[in-house]
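Last residue of the sequence shown: number 135 in this note's numbering, and the count goes up by one each step with no gaps.
This report concerns only the one structure given below.
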Amino acid sequence: WFIRIMFTIVPCVLALLSFYLKTKFPIKTQTQTQAIEMGIQKNRLLRRQHANGEDYKPAIDPLTKQPHKPFECNSTEENQIKALIDHFPYPKYLTMLRTGRVRSVKSRLGVILSGWSVGILVTGTASVASFP
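Below you can see the structure in the form of structure tokens.
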């Protein structure tokens, strides 16, 4: 029964779930995609201008219509944390970094990484133990 369930019911449920999630995705048209691409290009240009000492206005997010200013790191420690967050893109962590709560972000990311490591270890051990 286990094999039948794993190769019939589980893939069917996952396919239906992925279809549902795809229908709820906010980017649906080519014009939205093009607007996002233009916003990214504008932010890149504005970043270069800012690097040259000029002030700039942030690009407008085409989905939310809110201004979006790229996150800027003030230290190498913040830059390292931002690199970690890029792999786990939780907005609350970026907000915490902007408000100066670097240690709090580091500890939470450590807990997440530890949880994933334990999960992989347990799964691997169970897989090896299941062999005769």
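By construction, the Cβ of each residue, glycine as well, lies at the ideal position given by its N, Cα and C atoms.
Here the structure is a predicted model, which means the values were calculated and not measured.
Rounded to the nearest angstrom, the gap between the Cα atoms of P29 and Q35 is 9 Å.
For P70, the three-state secondary structure derived from DSSP is strand. Within the model, the alpha-carbon separation for L48 versus T11 is close to 50 Å. The alpha carbon of P61 has as its nearest neighbour, out of M9, Q52, T67, N46, the alpha carbon of N46. For S21, the enclosing alpha helix (DSSP H) starts and ends at 13-27.
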